[in-house]
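A.B. asks: Mind having a look at this structure? Questions to follow.
Residue numbers (our numbering): 5 to 212.
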């Protein structure tokens, strides 16, 4: 009988608390609550899909870029099933955004549109082809299916590095030139760090 995916060891990285502190300083509490709710439902989407396919999670680590799930059983799944799990979080966000937008047309207009916007922003962010986001994993899975895992990983790494550098440049321009977008810059440099970290781990794994 497979282990339940929700019995994982949960840890919170210091970068998560730093992001929360910055968010509270520069954003209204309503926006912070909306983002946290959208993030929680996003991760529940991943976990629900994992449970459906019998994948257990050993470790669940919260960081500024979201949750990092240690699930060795994912490697045994087909590309299609892992792609479904990868995109489950974004699918939940888009579904919630549509429901909240429709509800906002009838009642609680401001609250519903703020929460719907948070779901849309989180979905768009996670679809970026930058490691370790869902978009990069989905790209890698698709490329691996057609071109093989080695080629898929190389192309994904190149795309991820290029996109993260471009986002960092944009974040610097917004922060220094327009004196806004500090959270964007923080997220951009976090993505660059995540990309470099993942590339380093990949090289280390291949050299063993």
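Glycine included, each C-beta is placed from N, C-alpha and C at the ideal position. Bear in mind that the values here come from a model prediction, so they are computed numbers and not experimental data.
1) Note down, in chain order, each residue of its chain lying with its Cβ closer than 6 Å to the Cβ of residue 127, except the 5 sequence neighbours on either side.
2) Roughly how many angstroms separate the alpha carbons of residue 87 and residue 75, rounded to a whole number?
3) Under the rule that 16 or more other beta-carbon atoms within 10 Å means buried, what is residue 123, buried or exposed?
4) In this structure, does DSSP put residue 65 in helix, strand or coil?
5) So, do the segment 102-122 and the segment 134-151 have three or more beta carbon pairs nearer to each other than 8 Å?
6) In the segment 76-140, which residue ranges form an unbroken alpha helix (DSSP H) of at least 4 residues, counting only runs that do not cross its ends?
7) Using 10 angstroms around the beta-carbon of residue 119, count the other beta-carbons present and answer buried if the total reaches 16, otherwise exposed.
8) Hey, quick one: how far does the beta strand (DSSP E) through residue 16 stretch, first residue to last?
9) Determine the DSSP secondary structure at residue 58, reduced to helix, strand or coil.
C.D. replies: Answer, in terms of the structure:
1) Cβ within range, chain order: 94, 97 and 98.
2) Between residue 87 and residue 75, the C-alpha separation is close to 14 Å.
3) Under the 10 Å beta carbon count, residue 123 is surrounded by 16 or more other beta carbons and is classified as buried.
4) Correct three-state label for residue 65: strand.
5) Counting C-beta pairs closer than 8 Å gives fewer than three between the segment 102-122 and the segment 134-151, which falls short of the contact rule.
6) Taking only runs of at least 4 residues, the alpha helix (DSSP H) segments lying wholly in the segment 76-140 are 83-108 and 113-130.
7) It counts as buried.
8) Run containing residue 16: 13-16, per the beta strand (DSSP E) assignment.
9) Coil.
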